[in-house]
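The next block holds one structure in the form of structure tokens; read it before the comments.
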Amino acid sequence: AQSVSQHNHHVILSEAASLELGCNYSYGGTVNLFWYVQYPGQHLQLLLKYFSGDPLVKGIKGFEAEFIKSKFSFNLRKPSVQWSDTAEYFCAVNRAGGGNKLTFGTGTQLKVEL
Amino acid sequence: GAVVSQHPSWVICKSGTSVKIECRSLDFQATTMFWYRQFPKQSLMLMATSNEGSKATYEQGVEKDKFLINHASLTLSTLTVTSAHPEDSSFYICSASLAGESYEQYFGPGTRLTVT
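First to last, the protein sequences are chains A and B.
Sequential numbering of the first sequence, starting at 1, is according to the working numbering.
Sequential numbering of the second sequence, starting at 1001, is according to the working numbering.
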């Protein structure tokens, strides 16, 4: 069974600091990769996704992620975080041809301080 | 973007009773809906995949007789927690996939279930 690991459970940053959240998955076949964000009291929203093509994916709100197949990784980055980025971030993986089922990582709680 | 709603947003029920949670795709037709459970400070755990007009596919370890799923139309799926117990207390989240658009899921706001 595939699994998704997010190594940072809690991250605290000051505004304008750079962000990188790690995500690794275990499945060796073709995958589709996602990052979702859950702001306090709100539902999950898609930040960005990778299906194929350019491994550097740009999403909403200045976020980007890079798919490195050799490392089974899909790390999320943002060059300068804002207080409003405080949220929980989930990496998710879908096995191509696996019927749309998502496997989520355990999430990373990001707190951005003023 | 596509909108998914859930009703109710929270519910408290007594042990032994059943409770139904609705998931609706408001502005699109969803061939597939998913039901997740989220424990406090933990990730989402997929419970089942629901396809319109067919029986739901449950993940390993999820009791299909306890968590009844019905997907009667392309815009509505329901999850009924039968004979609820305090350990069923959790946050239940549904998501929906657009017809013809594979892999992207749109999530509902979740339903907080508390069983007393």
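Cβ coordinates follow ideal geometry from the N, Cα and C atoms, glycine included.
Taking residue i as the reference, give the member of the options with the closest Cα.
i       : options                            : result
B:V1003 : B:W1010, B:T1032, B:T1075, B:S1025 : B:S1025
B:L1068 : B:W1010, B:T1057, B:T1075          : B:T1057
A:S26   : A:S80, A:K78, A:A87, A:I68         : A:I68
A:S80   : A:E20, A:T30, A:Q2                 : A:E20
B:S1077 : B:V1019, B:D1027, B:F1034          : B:F1034
B:T1049 : A:N100, A:G41, A:F104              : A:N100
B:F1039 : B:C1094, B:T1031, B:S1089          : B:S1089
B:E1059 : B:G1053, B:N1070, B:N1051, B:M1047 : B:M1047
B:H1071 : B:S1005, B:I1012, B:E1022          : B:E1022
A:W83   : A:P40, A:L48, A:N8, A:L46          : A:P40
B:H1007 : B:Q1105, B:K1064, B:L1079, B:E1063 : B:L1079
Helix, strand or coil, according to DSSP, for residue i in the structure here?
i       : result
A:S70   : helix
A:S84   : helix
A:K111  : strand
A:K78   : strand
B:E1087 : helix
A:K117  : The structure shown does not extend to residue 117 of chain A, since chain A is modelled only from 1 through 114, so no value can be given for it.
B:K1020 : strand
B:Q1042 : coil
B:V1003 : coil
B:F1107 : strand
Round the Cβ separation of residue i and residue j to the nearest angstrom and send it over; I've been treating them as touching at under 8 Å.
i       : j       : result
A:F72   : A:L33   : Rounded, the Cβ-Cβ distance is 10 Å, inconsistent with contact.
A:G62   : A:Y89   : Contact doesn't hold; Cβ gap of about 14 Å is too wide.
B:P1109 : B:S1009 : 6 Å
Starting from the beta carbon of residue i, find every residue of chain D whose beta carbon is closer than 9 Å, and list them in chain order.
i       : result
B:T1049 : In the structure shown, chain D cannot be found, because the protein chains are A and B.
CB-CB under 6 Å to residue i, same chain, minus the five flanking residues each way: which ones, in chain order?
i       : result
A:S14   : E113
B:S1015 : H1085, V1115
A:D85   : V112
To which residues of the same chain is residue i closer than 8 Å at the C-beta, ignoring the five residues directly before and after it?
i       : result
A:V11   : L19, L21, T108, Q109, L110, K111
B:Q1029 : L1074, T1075, L1098, A1099
A:N8    : L21, G22, T108
Considering only residues of the same chain and omitting the five flanking positions on each side of residue i, which have a CB-CB separation below 7 Å?
i     : result
A:R95 : Q2, Y27, G29, V31
Just by C-beta distance, which residues in the region 1024 to 1057 of chain B are closer than 7 Å to chain A? T1032, Q1042, S1043, L1044, L1046, T1049
Q | Selection of the region 36 to 52 of chain A by Cβ proximity to chain B, strictly under 8 Å | A | Y36, Q42, H43, L44, Q45, L46, K49, F51
Closer than 9 Å, Cβ to any Cβ of chain A: which residues of the region 1080 to 1109 of chain B, in chain order? I1093, S1095, S1097, S1102, Y1103, E1104, Q1105, Y1106, F1107, G1108, P1109
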